[in-house]
Amino acid sequence: MCIYIVNRYKRQFLILSISIFLFSEIINAQNYNFPDPYSEKINFNPAYSGLTNNNEFNLNYSKNFFSDIYSVSFNKYYDNYKSSIGFLLMNNRFGKGALNNINISAIYGYKFKINYRSIINTAVQVSYLQQSVNSEDLIFSSQINPVSGIISPNTSEYFPVLRTYDFSVGTAYISNKYRTGLSVHHIDKIFFKNENFYSNPEFTLFFGKIFSVKKSGAKEKILVTPEIIYRTQNNFHQIIYSVHGNYNIFLTRLFLKHNLNFNTFEGVITIGIRLARFRFTYTYGVSLTKYVSIPVSTNAIALRFNFGNGKKINIKNTIYCLNF
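Now the structure itself:
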């Protein structure tokens, strides 16, 4: 009897998971993002690639009750060509790998120097997207013997792998006082649809004001950046209120994410250290919603390695760059 009850809940979970997967409008209601958008900044906006003369290599991992997200990225700036390149590999796994989403992206960006205190960075991103279901990790009702509760191997259920290519664009204005920008993921879906792999364009608009505070007797300034981010895709609308702080080798970020559709909230805090060649951050997030009695928490870690000094340039041509 106990085995039957357990298998019954497994079937219910299976039905829910497969329904979400097959109705792509639901699963694509929003892109897969880390709880801290800046832990993988080129996923947040491709225009954030190549902002410094250093080569950047990033590793990210995020885990919550439903899924695991892994990412590896690299971006580099070429001063002679005022251009940057970036590469991103992201894997989102639902149900311990039963549902998989893979994103492989290449980014090209161009930097416009307005003056030595401000720039505009614009980038184009080309992506390969893949969705798949590992039916061997799932249990179907036809596999369960209603009398004995014995589960037989799956031999009949099969889900095809869905593949498509995707295009995104982004632009960002960055100065010593402000940062603002716009990114459009899946921009090609404005002009045509893929019947097998459905997704809508996602628009992200953000604006931040940078405040520099220096206490009397302190050697370094404290940088505080309040920022607001607005995201919309299909019928999904979200506003993110955030505050970023940097002092010496320490950094922290606070986010309050408001889902306007269901009036739900998620709180996120990031703490970390940043050295000349290495950065480590830990992120904790908790979702507060009336639809689930138990809060759903998320844990994430991010590592960044900087290598290569880039080309040394005259101080008059130096562009102010943010420490994300």
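For what it's worth, our numbering labels the leading residue of the sequence shown as 11, then goes sequentially. Positions of the beta carbon are idealized from the N, C-alpha and C atoms, including for glycine. Because the structure is a prediction, the values reported are computed rather than measured.
Is Ser222 buried or exposed, if buried means 16 or more other CB atoms sit within 10 Å of its CB? exposed
Count the other CB atoms, across all protein chains shown, that sit within 10 Å of the CB of His268; report buried if there are 16 or more and exposed otherwise. exposed
Looking at Ser364: is its Cβ nearer than 8 Å to the Cβ of Ser59? With the chain represented from 11 up to 334, any question about residue 364 goes unanswered, as that position is not in the structure.
Exposure label - Phe201; buried when at least 16 CB within 10 Å: exposed
Terminal residues of the beta strand (DSSP E) in which Phe221 lies: Phe221: member of the beta strand (DSSP E) spanning 221-223, first to last residue.
CB of Leu131 within 8 Å of CB of Thr190, strictly: At residue 131 the sequence reads Asn, which differs from the Leu that was named. Contact: no.
If you follow the alpha helix (DSSP H) that Phe54 is part of, which residue opens it and which one closes it? 51-54
Extent of the continuous beta strand (DSSP E) run through Asp78: Membership of Asp78 in the beta strand (DSSP E) is indicated by the continuous run 77-88.
Find out if the Cβ-Cβ distance for the pair Thr280, Thr291 is shorter than 8 Å. yes
Beta-carbon within less than 6 Å of Pro47's beta-carbon, same chain only, minus the 5 sequence neighbours each way: which residues are those? Phe54
Residue environment, Lys199, which counts as buried when at least 16 other CB atoms sit within 10 Å: buried
Beta-carbon proximity list for Phe23, same chain, < 7 Å, skipping 5 on both sides: Any reading at Phe23 must be qualified, since the residue scores a pLDDT of 47, below 50, and its modelled position is unreliable; the value itself is stated next. The answer is none, since no qualifying residue turns up.
For Ile84, which option in Asn110, Ser77, Asn101, Glu50 has the closest C-alpha, if you only look at C-alpha atoms? Ile is not the amino acid found at residue 84; the sequence shown has Phe there. For Phe84, the nearest C-alpha among the options comes from Glu50.
Going by DSSP, what residue range makes up the beta strand (DSSP E) through Ile279? 274-284
In three-state DSSP terms, what is Tyr58? helix
Considering Cα atoms alone, identify which of Arg103, Tyr138, Gln140, Ile184 is closest to Arg127. Ile184
Just verifying my parser: in three-state terms, what is the DSSP assignment at Arg314? Arg314 falls in the strand class under three-state DSSP.
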